[in-house]
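Colleague: Here the protein sequences come in this chain order: A and B. 17 is the number that my numbering gives to position 17 of the first sequence; each next residue is one higher, with no gaps. 1146 is the number that my numbering gives to position 146 of the second sequence; each next residue is one higher, with no gaps. C-beta atoms are modelled at their ideal positions from N, C-alpha and C, and glycine is treated no differently. A quick note: this is a predicted structure, and the numbers were derived from the prediction, not measured.
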Amino acid sequence: MQQKNLNINVDYLTRVEGHGDIVINVKEGKLEKCELQVIEAPRFFEAMLRGRSIFEAQHITSRICGICSTGHSLASIKASEDAAGFTPTQQTVLLRKLLLHYETLDSHLLHAAFLVAPDALGVPSVLPLLTTHKALVLMVLGMKKDYSDLCDILAGRHTHPITVCPRGFTKLPTKKELQKTKDILTQHVAKLNKIVDLFTTLKLPNFERATEYVALTHPEEYAFLDGNITTTDMRDSVIHPHDYKEVIHEFHVAHSTSKHSKNKRDSYMVGALARININFNKLNKQAKSVASALNFKTPSYNPYMNTIAQVIESAHCLYDAIAIVDHFLKIGINYDEVVSSWPKVDEWPTFKCKARKGVGAVEVPRGILIHEYTINERGIIKNANCCIPTNQNLANIDLDMKKLVPEVLDKSKEEITLLAEMLVRAYDPCISCSCHMLDVKFIE
Amino acid sequence: MSQSKNKKVRIALFDFADCEGCQLQVTYLNDQLVGLLEHCEIVNFREAISERSDDYDIALVEGSITRKHDEERVKKIRENAKILIAYGSCACIGGVNGLRKKFTQEEAKDIVYKGREFPIDVGEPRPVHEVVKVDYFIYGCPTNNEETIKALKSILIGKGYTPPRYPVCVECKLKENVCLFEKGQVCLGPVTRGGCGAWCTSYGNTCYGCRGLLDKPAQEGQMDILKKNGYTLEELKQKFETYNLCRMMGEQNATEKS
C-alpha cells in the first residue's frame, strides 16, 4: 500500500455550518496536499461595523452567524460595555449566563446527536436514525424545540436574540415564565442522561496529536461568560482579554478565505476539549460524574473527543442553568432593571460615553470568541476586530489531518474520507462565522 | 402546484452569502415540519443532511448572491427548480450584506486582503431577483416560521403567496404594544414591511427594518419624526441603510441614469 495514489475532494462538506471543502492528495504513498479549504463568500462584517453605533453592534454582529448569534451578541455587548464604561448589574450578568447556557446546550446537543452520532453509527445523516433510533431522535428534536422556546422567553427568539443589549435586557421574564423554564430544564436531566448513555456505546476513532489548548479561565467558576485567557503552555499564568493578541496571532493562508491562528506552536485548539483540558476542576459534580461515566480523562489529545467534552459540558450547563433559575425563583426578578436598547430621545442628543478600546471575550460553543471595538465618545465604532473560534482551529485541523492521513493510508478511500470528514466535524466548525469575519483594516 | 398522488413535492434548500439563520428556523419547525413532510420531501439541506440531489421541484434560496461562481450556481438552481423562493432578507433584499456596498470592490479588496497574495472574487452583494427570476418572497431576518408555513402551504396548493404590504405598526397595534415613540424611542416600524408579528417591538427592542422598506414608504414623514427626536441626518440615513442599502443604491443608480 506504500505506493498508493489517492485523490480525495469533498466538495461542500455537509453537516457543518458554512461552506468548506476537504482536499487530500497522496502520490505514490506520499502525502502531497491535505487541507480544509474554506470557500465561503466573505461578507466583511468588520468593515460594516465602521461608523455604526455600539447600540446596534449587537444587532448587526448577531447576523454573522445564525447558529452562533447569541455568542456574537454577548461578545459584542461585552466589548461595547467595556469600551463605553457601562457595568452590567448582577441580575443582567446571571441572565446572560443563562442565555449562553441555552446556546451551548442547543449547539452541543445538535452537534453530538445529529452531526456526529450518524458517523459513529455508520449512517449518512440523522434521517436513517429516525428508523433505527426514532425515540432518541424525537427526544433530541424536542429538546432543541425546548431551547428554542426557552430562548423565546428570555431573548425573544434563538436566532438573532432581541432582548439582549448593552446595559441590560429590554424585557425580563415573568415569574410564570421562570417556573415554566424550571419545569423544562428539570425534564432535561433525564433526557440528557439518555444522550450520555448513547455516547457510552459509541466508538470514536483513536487518534492523538498533542497541541496547545487555549481558553478563558476563572478562579471561581467554569469560565463561559467571564474570565482571563490562558493556555496549556502558559501553565498557571493568565492574560487579560485586552491583551488577547499576545496569544492569538492571526495569519492568512492561500487555501482559505478565513484567517488562521497560532501562538508559539504552529497551531492551537479552542472549544470544549480545550476548555475541559484547562478548567476540568471547575466543572460541577454532575458534569464530573458524566466525565467518569464516559471514561474521559484530562488531558485528552484526541480531537475526536471534542464531542465527548461537549456532552460533559452539557451536563455542567444544564445544572448551572437550573441553579440560576432557582436563584431568581427564590429572590424574584427586579423589573426596574428593564432598559431601552438605545438611549431615549431625551438623552440621545447629548449622549456621551468613554472614547476608547473595549474587548469582549466569551467562551461560545466552539471556543473563545473575541470582539474588539474602538469607539468615540458618541459610541460610534471607529475600528473593529473579531477573532472567531473556528478560524483559530483551522491551522490545528490542517495539522491533525496531516498526521492522521499517513497513519490510515492502508484503509480504503471511503474510510479515509470518512475519517477526515469526522475529524473536521469533531471540531464542530462554523465556517459561516470564520469567513464572515475576515480581518479588516480600515482605510483611514 | 400540481402533483400526482404518490409523488411527494421535492424541496431543496440552498445557501449563499448569509448567516444560515433562516435554514436554522426550518429545524425549529418540529411538529409542523413532520406535517409538511407528509406532502414534501427535503432533498437538499447541506446544514443538516449529507444526501444531495439535483432533482427537485421547489428551491428555497437563502443568502445574497455575491461572486461569479455563486451567480452560476443560482442560475443552475433556477434551471432545475419549477418554483424558486427567495427565503429570508439576504435573498429578498440583500439584507445586512448590503452594508458592504459602502466600499467599492477595490476598496474592499485592499481593506481585507492587504498582504495577501492570491486573487479573490470579492463579489457584489445582490438580492436573488437581480440575478435570476424569483417566483415568491419570504422576508425576515430571520424568517418567521408561522409565515414560512403559511407561504409554503399556499404555494403547495397552487395559490402562490403574496407577502404583507402593510407596515409593522399594524401588527404592533394588534399586539396592543405601547408605541415606542410614546416611550421616547425611535423605530423603523412605520416604513417597514410587516409579517413578522411585530417581533422585536413586542420584546422591548425597536424595529431595525429587517423586512425591507414598504413598496411605497412614507420615508419623508419618518425622517421628520426621527429629526424631531434629535437624530442627525447621517444617523437617520444609517438606520435606513442597515437592511436597505442594496435597494437604496439601486434606486440611486436608476435616478442617476434617467
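#1: Does B/Arg1100 get closer than 8 angstroms to chain A when you measure Cβ to Cβ?
#2: Please determine, among B/Tyr1203, B/Arg1193, B/Lys1153, the residue with the shortest C-alpha to C-alpha distance to B/Gln1219.
#3: Going by C-alpha distance, which of A/Glu407, A/Ser412, A/Asp400 is nearest A/Leu423?
#4: Would you grab the beta carbon distance between B/Gly1063 and B/Cys1090 for me? Rounded to a whole angstrom, and I think it's under 8 angstroms.
#5: Determine the extent of the alpha helix (DSSP H) in which A/Phe45 is found, giving its start and end residues.
#6: Determine which residues of the stretch 60–88 of chain A have a Cβ less than 7 angstroms from any Cβ of chain B, and write them out in chain order.
#7: With H, G and I counted as helix, E and B as strand and the rest as coil, what does DSSP make of A/Ala272?
#8: Note down, in chain order, each residue of its chain lying with its Cβ closer than 6 angstroms to the Cβ of B/Asp1018, except the 5 sequence neighbours on either side.
#9: Rounded C-beta distance between B/Pro1217 and B/Val1178? I'm assuming under 8 angstroms.
#10: Alpha carbons only, please: which of A/Lys4, A/Asn7, A/Leu404, A/Asp410 is nearest the one belonging to A/Glu208?
#11: In angstroms, rounded to a whole number, what distance separates the CA positions of B/Thr1015 and B/Lys1101?
#12: Have a look at A/Glu363, A/Asn393, A/Lys352, A/Ala361 and flag the residue whose alpha-carbon is nearest the alpha-carbon of A/Ile380.
#13: Would you mind sorting B/Gln1023 into buried or exposed? The rule is 16 or more other CB atoms within 10 Å of its CB.
#14: So what does DSSP say about A/Lys411, is it helix, strand or coil?
#15: Using DSSP with H/G/I as helix, E/B as strand and the rest coil, what is B/Tyr1136?
#16: Evaluate B/Thr1148 with the Cβ neighbour count: other Cβ atoms within 10 Å of its Cβ, from every protein chain shown; 16 or more gives buried, anything less gives exposed.
#17: Is there a C-beta anywhere in chain A that falls below 8 angstroms from the one on B/Phe1014?
#18: For a test of the three-state rule: what should DSSP assign to B/Asn1177, helix, strand or coil?
#19: What does a CB cutoff of less than 7 angstroms around B/Asn1229 pick up in its chain, not counting 5 residues either side in sequence?
#20: From the DSSP output, read off the bridge partner residues of A/Thr231.
#21: At least one CB of chain A closer than 8 angstroms to the CB of B/Asn1177: is that the case?
#22: Could you please give the first and the last residue of the uninterrupted beta strand (DSSP E) stretch that includes B/Ile1083?
#23: When we look at the beta-carbon of B/Asp1215 and count the other beta-carbons within 10 Å, is it buried (16 or more) or exposed?
#24: Would you list the one or two residues that DSSP bridges to A/His260?
#25: With a threshold of 16 other CB atoms inside 10 Å of the CB of A/Phe237, please say whether the residue is buried or exposed.
#26: Check whether chain B comes within 8 angstroms of A/Ser341, counting only Cβ atoms and requiring the distance to be less than that.
#27: Taking 8 angstroms as the CB-CB limit, is B/Pro1142 close to chain A?
#28: Tell me which residue opens and which closes the alpha helix (DSSP H) that A/His108 is part of.
#29: What whole-angstrom Cβ distance do A/Gln392 and A/Ile248 have, given they're in contact under 8 angstroms?
#30: Would you be able to state if there are at least three C-beta pairs under 8 angstroms between the stretch 52–72 of chain A and the stretch 368–375 of chain A?
#31: If you count every other CB in all the chains shown that lies within 10 Å of the CB of A/Gln90, and 16 or more means buried, which is it?
#32: Short check: CB of A/Ala395 to CB of A/Asp233, under 8 angstroms?
#33: Would a check of beta-carbon distances place A/His160 closer than 8 angstroms to chain B?
#34: Taking B/Asp1015 as part of the alpha helix (DSSP H), name the residues at either end of that continuous run.
#35: With a 10 Å radius around its C-beta and 16 neighbouring C-beta atoms as the bar for buried, classify A/Ile278 as buried or exposed.
#36: Which residues of chain A have a Cβ atom closer than 8 angstroms to the Cβ of B/Val1186, listed in chain order?
Modeller: Judging by the given coordinates:
#1: Yes, B/Arg1100 lies at the interface with chain A (some Cβ there is under 8 angstroms from its Cβ).
#2: For the options B/Tyr1203, B/Arg1193, B/Lys1153, the alpha carbon positioned closest to that of B/Gln1219 is the one of B/Arg1193.
#3: Ranking A/Glu407, A/Ser412, A/Asp400 by Cα distance to A/Leu423 puts A/Asp400 first.
#4: Correct: roughly 5 angstroms between the Cβ atoms.
#5: Its alpha helix (DSSP H) spans residues 45–48.
#6: Correct list: Ile60, Arg63, Ile64, Cys65, Gly66, Ile67, Ser69.
#7: Note: A/Ala272 maps to helix in three-state DSSP.
#8: The answer, listed in chain order, is Glu1062, Gly1063, Cys1090.
#9: Taking a contact as a CB-CB distance under 8 angstroms, the pair B/Pro1217 and B/Val1178 does not count as one, their CB atoms being some 23 angstroms apart.
#10: Checking every option, the nearest Cα to that of A/Glu208 belongs to A/Leu404.
#11: Reading off the sequence shown, one finds Asp at residue 1015 of chain B, where the question assumed Thr. Cα to Cα, B/Asp1015 sits roughly 20 angstroms from B/Lys1101.
#12: With respect to the C-alpha of A/Ile380, the residue from A/Glu363, A/Asn393, A/Lys352, A/Ala361 having the closest C-alpha is A/Lys352.
#13: Residue environment: B/Gln1023 is assigned as buried (16 or more neighbouring CB atoms within 10 Å of its CB, all protein chains considered).
#14: Coil.
#15: Of the three classes helix, strand and coil, the one that applies to B/Tyr1136 here is strand, per DSSP.
#16: Counting other Cβ atoms within 10 Å of its Cβ, B/Thr1148 reaches 16 or more and is therefore classed as buried.
#17: For B/Phe1014, not one C-beta of chain A is nearer than 8 angstroms to its own C-beta.
#18: Note: B/Asn1177 maps to coil in three-state DSSP.
#19: Shown here for B/Asn1229: same chain residues with a beta carbon closer than 7 angstroms to its own, the five before and five after excluded, namely Val1186 in chain order.
#20: Residue pairing from DSSP places A/Thr231 in a beta bridge opposite A/Val214.
#21: Not an interface residue.
#22: Taken as a continuous stretch (DSSP letters only), the beta strand (DSSP E) holding B/Ile1083 covers 1083–1087.
#23: Sixteen is the threshold: since fewer than 16 other Cβ atoms of the shown chains lie within 10 Å of the Cβ of B/Asp1215, the residue is exposed.
#24: Residue pairing by DSSP places A/His260 opposite A/Phe251 in a beta bridge.
#25: Position check: residue 237 of chain A holds Ser in this sequence, whereas Phe was assumed. So A/Ser237 ends up on the exposed side.
#26: So, interface residue.
#27: Under the 8 angstroms criterion on CB atoms, B/Pro1142 is classed as interfacial with respect to chain A.
#28: 90–109 is the span of the alpha helix (DSSP H), which, as asked, contains A/His108.
#29: Right, the Cβ-Cβ distance comes to about 7 angstroms (below 8 angstroms), so this counts as a contact.
#30: Taking 8 angstroms as the limit for Cβ pairs, the verdict is that the stretch 52–72 of chain A does touch the stretch 368–375 of chain A.
#31: For A/Gln90, the number of other beta carbons within 10 angstroms of its own is below 16, and it is reported as exposed.
#32: Cβ distance not < 8 angstroms, so A/Ala395 and A/Asp233 don't count as in contact.
#33: It does; some Cβ of chain B falls within 8 angstroms.
#34: In the DSSP annotation of this structure, B/Asp1015 is not part of any alpha helix (DSSP H); the continuous beta strand (DSSP E) holding it starts and ends at 1009–1015.
#35: Counting the other Cβ atoms within 10 Å of the Cβ of A/Ile278 gives 16 or more, which makes it buried.
#36: What B/Val1186 touches in chain A: Trp342, Val345.
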